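Protein sequences appear in the order of chains A and B.
Counting the first sequence from 1 gives a position; the numbering used here is that position plus 255.
Counting the second sequence from 1 gives a position; the numbering used here is that position plus 255.
One structure below.
Protein chains: 2
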Amino acid sequence: MDIGFIGLGVMGQPMAGHLIAAGHQLHLHRVKDRSRPLVEQGGLAADSARAVADAAEVIIVMVPDTPDVEDVLFGPDGVAEGLSPGKTVIDMSSISPVATRDFAARIAEAGCAYVDAPVSGGEAGAKAASLSIMAGGAQADFDRILPILEIMGQNINLVGEVGAGQTAKIANQIIVALTIGAVAEGLLFASKAGADPAKVRSALMGGLASSRILELHGARMTDRTFDPGFRIALHRKDVNNALEAARSLNITLPATAQVQELFKACTAHGFGDLDHSALIRALEMMSDHEIGG
Amino acid sequence: MDIGFIGLGVMGQPMAGHLIAAGHQLHLHRVKDRSRPLVEQGGLAADSARAVADAAEVIIVMVPDTPDVEDVLFGPDGVAEGLSPGKTVIDMSSISPVATRDFAARIAEAGCAYVDAPVSGGEAGAKAASLSIMAGGAQADFDRILPILEIMGQNINLVGEVGAGQTAKIANQIIVALTIGAVAEGLLFASKAGADPAKVRSALMGGLASSRILELHGARMTDRTFDPGFRIALHRKDVNNALEAARSLNITLPATAQVQELFKACTAHGFGDLDHSALIRALEMMSDHEIGG
């Protein structure tokens, strides 16, 4: 199938590579040095997002934030200018669910389908084609593109109408942030009360307290390995999206609001570029106690 | 081996049964109707905790709270009166780590060893002999009793000196409470923003947000099955222990303090006897939105 791919960053590059390897004809926008190997594998470099949309049946977008998606879709020489009825736009970026519904409505005016399909799993998941994909859109549209998504991910779910994928991604980021906070408070308590936090972490795995965060981020806290991973600055952006949406929806999220204050404290102390597991440093500063090293 | 077992409740009853089945001679205190089968299996009913300590080499205590342990050990006709040098007391109750260190020092005056070994896994874990056991004590004492613990549990760890087992158990209860809060805020957000929370929960399993709590308690929230489980009233007691210990240790635990307020709100509305997953009801009331049913 002719598939357009716009956004060849650390995530998009390996994702597009999997699609080429699976036999699809890729149409690529903004090919740079890093993405040159995709052309060598058979991908076609296009001059514009418009040209990508013109050549492809399905157009995948994987860019950093809401304004980037808007620019790629509706800016000069954008996707919208190249669309014709019957095509499908898949936005795999992590952006605002509210803006997503607006974008989908505008794409529908061109007679085209829109599915939001943000991912979880990071660069490692993109390379291993093991991304979790949370999709929002019509069932028929989802069914049609599912074989394409399956080339890039493993746990793929349609969670609702357009925008629901972005909503699920925000829920994911809320739960991840608060679970990091949960593990941080538990291990800080254990350490200052005189137990070995690394042993406590092992003892708790397998029980009700067990989580991927306790396993991975708990170990980063006790080993003091705060190389990202996922940077606090990026998680702050996601939590801000959550809190803004919660404000407009009148949802009370007390723990989410609180964890943002801890991320802020981390940023104030120069830890914004550390992995989000460094959230524990905000608690350590308040308690004047570090848990390990 | 002659083993004493004091506290034949919903947890102690099956735990003692496993020890008998493994061939040990059990000495039981306060045998009631429910624990009569243990005598039929070969357990010996003793007249007092003192008599249990007199007859057994290792004495296991499994009672509800700190004052119960103190009463069993140091009250009239208590364990302390029956001890002679070389015996070992194992407290598998979930109680205060500070009181635990005091109890251990008083037992040491009788020339006996003390290991705190609280458990996680509930009635189901006790019946299946799959309890997680978090132990505090001297390495030699732990090594000596490990074969006994292995009859009742599976994930068994020495996490530090006396009291460290209780500390780890409190850390466990902190992490469990805050992870329930994390899942509740994530699913509430998803639901009010228009996604199906049950589908979001499934979509998030397998990713970074995955946890035993998302799996079990997330399903209870979307299915509205709030039968305990583990009652909010009991979790409040544990979180109170955590906050009291944190106060004396000068540890700042902002999320733990906040989750206690949510448990309090649940209690105020008559939900204290529901499962701790009903924490989401406090958030739902504030947001005037229920996530499922």
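All residues carry an ideal CB built from backbone N, CA and C; glycine is no exception.
Since the model is a prediction, treat every value here as computed from it, not as a measurement.
DSSP-derived helix/strand/coil call for residue i
i, result
"V344 of chain A", "strand"
"G420 of chain A", "helix"
"H279 of chain A", "coil"
"G267 of chain A", "helix"
"Q296 of chain B", "coil"
"F485 of chain A", "coil"
"H531 of chain A", "helix"
"V286 of chain B", "coil"
"D332 of chain B", "coil"
"F358 of chain A", "helix"
"G272 of chain A", "helix"
"D257 of chain B", "strand"
"L463 of chain B", "coil"
"D371 of chain A", "strand"
"S542 of chain A", "helix"
"L443 of chain A", "helix"
"I315 of chain B", "strand"
"I350 of chain B", "coil"
Residue-level contact to chain B via CB, residue i, 9 Å cutoff
i, result
"R491 of chain A", "no"
"E378 of chain A", "no"
"F444 of chain A", "yes"
"E440 of chain A", "yes"
"L283 of chain A", "no"
"I430 of chain A", "yes"
"G547 of chain A", "no"
"D543 of chain A", "yes"
"M389 of chain A", "yes"
"G418 of chain A", "yes"
"I275 of chain A", "no"
"L433 of chain A", "yes"
"D214 of chain A", "What the structure shows of chain A is the stretch from 256 to 548, and residue 214 of chain A is not part of that stretch, so it cannot be assessed."
"T321 of chain A", "no"
"L328 of chain A", "no"
"T522 of chain A", "no"
C-beta contact flag for residue i and residue j at 9 Å
i, j, result
"D583 of chain B", "S349 of chain B", "In the structure as shown, chain B starts at 256 and stops at 548, and residue 583 of chain B therefore has no counterpart that could be examined."
"F444 of chain B", "L534 of chain A", "no"
"E405 of chain B", "I430 of chain A", "no"
"V318 of chain B", "G436 of chain B", "no"
"T434 of chain A", "A500 of chain A", "no"
"I388 of chain A", "P402 of chain A", "no"
"V550 of chain A", "F358 of chain A", "Outside the modelled stretch of chain A, which goes from 256 to 548, sits residue 550 of chain A, for which no answer is possible."
"H524 of chain B", "A432 of chain B", "no"
"G408 of chain B", "L463 of chain A", "no"
"L498 of chain A", "A512 of chain A", "yes"
is_contact[residue i, chain A] using C-beta, thresh 9 Å
i, result
"P269 of chain B", "no"
"V265 of chain B", "no"
"H279 of chain B", "no"
"G333 of chain B", "no"
"A393 of chain B", "no"
"D357 of chain B", "no"
"A448 of chain B", "yes"
"D425 of chain B", "The sequence given here places Ile at residue 425 of chain B; Asp does not occur at that position. So, interface residue."
"A437 of chain B", "yes"
"L401 of chain B", "no"
Among the options, nearest to residue i - alpha-carbon criterion
i, options, result
"V353 of chain B", "B:D371, B:L443, B:V344", "B:D371"
"R536 of chain B", "B:V494, B:R479, B:L508, B:N495", "B:R479"
"L489 of chain B", "B:G415, B:H279, B:C521, B:I468", "B:C521"
"S290 of chain B", "B:R475, B:D302, B:G264", "B:G264"
"A390 of chain B", "B:I430, B:K382, B:V344", "B:V344"
"E550 of chain B", "A:S466, A:H472, A:L471", "The question about residue 550 of chain B has no answer here: the residues shown for chain B are numbered 256 through 548."
"D451 of chain B", "A:G418, A:G330, A:R475", "A:G418"
"V286 of chain A", "A:H279, A:G278, A:E295", "A:E295"
"E364 of chain B", "B:E336, B:R502, B:H472, B:I275", "B:E336"
"S542 of chain B", "B:S503, B:A448, B:H531", "B:A448"
"R305 of chain B", "B:I261, B:A381, B:P269", "B:I261"
"G278 of chain B", "B:V334, B:H284, B:D257, B:L386", "B:D257"
"Q428 of chain B", "B:M540, B:A395, B:V313, B:R486", "B:R486"
"G366 of chain B", "B:A383, B:I314, B:G341", "B:G341"
"Q394 of chain A", "A:A368, A:S385, A:D346", "A:A368"
"A271 of chain B", "B:D302, B:V307, B:A311, B:I315", "B:I315"
"G297 of chain A", "A:G267, A:K454, A:L281", "A:L281"
Neighbour flag for residue i against chain D, beta carbons, 9 Å
i, result
"V414 of chain B", "Among the protein chains in the structure shown, which are A and B, there is no chain D."
(message) Please list, in chain order, the residues of the stretch 482 to 514 of chain B that have any C-beta partner in chain A closer than 8 Å.
(response) Contact residues of the stretch 482 to 514 of chain B toward chain A are A497, A500, A501, L504, N505, I506, T507, L508, P509, A510, T511, Q513, V514 (C-beta to C-beta distance below 8 Å).
(request) Please name the residues in the stretch 285 to 317 of chain B whose beta-carbon is closer than 8 Å to at least one beta-carbon of chain A, in chain order. (result) Residues of the stretch 285 to 317 of chain B with a C-beta atom less than 8 Å from some C-beta of chain A do not occur.
(request) Taking only beta carbons into account, state which residues of the stretch 455 to 470 of chain A come closer than 8 Å to chain B, listed in chain order. (result) Look at the stretch 455 to 470 of chain A: the residues with a C-beta under 8 Å from a C-beta of chain B are V455, S457, A458, L459, M460, G461, G462, L463, A464, S465, S466, R467, I468, L469.
(message) Short of 8 Å Cβ to Cβ, which residues in the stretch 341 to 367 of chain A face chain B?
(response) Within the stretch 341 to 367 of chain A, the residues whose Cβ lies closer than 8 Å to any Cβ of chain B are, in chain order, P352.
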